[in-house]
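Input: a single structure, listed below in structure tokens.
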Amino acid sequence: MTGIEWIVVLGGTATIVWINWYFFASSPVTASVTASAVASVATAGATATAGPPSITITVDGGYSPQSVQVPAGQPVRLIFDRRDTGSCSDEVVFPDFGIRKFLPTGQQTTIEITPPKAGTYAFMCGMSMLRGSVIAVA
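Numbered according to full-length UniProt numbering, the sequence shown spans residues 1 to 138.
Set out below in structure tokens:
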């Protein structure tokens, strides 16, 4: 092999390693809503306007936090704050809940879900490149 061929091979290998690290090895950020927080909202008075607990997820080249933890069987309000202008983040899809929602740039979009049982429920962009999860705990 010539010197140029070695440079191409090493450059390609370095690029593949970086892509794998970026998508698979970087640690996700997790947020959670505890059962006590849900109970405190429920007992904070009979105000019907209080609603379920809310978690804001920033959409900017990915989801932050990438994973949220919520109590199973309790409604939760996910607020997607889209800052990214890329077409990949145009919508968010929750396949387990049959939800596909458009996310306008520079705006917040609210999605309310109730995970029926403990488990992990995935959400993703319309192209399945950006991924996140809702982890329901008993």
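Even glycine gets a Cβ: it sits at the ideal position worked out from N, Cα and C. Note that the coordinates shown come from a computational prediction; the quantities given were computed from them, not determined experimentally.
Return yes when the Cβ of residue 72 is within less than 8 Å of the Cβ of residue 136, no when it is not.
-> It is a contact, given that the beta carbons lie within the stated cut-off.
Three-way DSSP call (helix, strand, coil) for residue 3 in this model = Note: residue 3 maps to helix in three-state DSSP.
Start-to-end residues for the beta strand (DSSP E) that takes in residue 125 | DSSP places residue 125 inside the beta strand (DSSP E), whose first and last residues are 119-125.
When you compare each of 74, 91, 1 to residue 61 by their alpha carbons, which one comes out closest?
-> Cα-wise, what sits closest to residue 61 is 91.
Quick one: Cα of residue 81 to Cα of residue 103, how far?
-> Answer to the nearest angstrom: the Cα atoms are 8 Å apart.
According to DSSP, is residue 64 helix, strand or coil?
-> Of the three classes helix, strand and coil, the one that applies to residue 64 here is strand, per DSSP.
Mark residue 115 as exposed unless 16 or more other C-beta atoms lie within 10 angstroms of its C-beta, in which case mark it buried.
-> Result: buried.
In or out: residue 17 buried (at least 16 other Cβ within 10 Å) or exposed?
-> The residue is exposed, with fewer than 16 neighbouring Cβ atoms inside 10 Å.
CB residue 55 to CB residue 63, shorter than 8 Å?
-> Here residue 55 is not near residue 63, since their CB atoms are 8 Å or more apart.
With distances taken from CA atoms, which of 98, 105, 106 is nearest residue 124?
-> Scanning 98, 105, 106 for the CA closest to the CA of residue 124 turns up 98.
Simplified DSSP assignment, three categories, for residue 11 | Here residue 11 sits in helix by DSSP.
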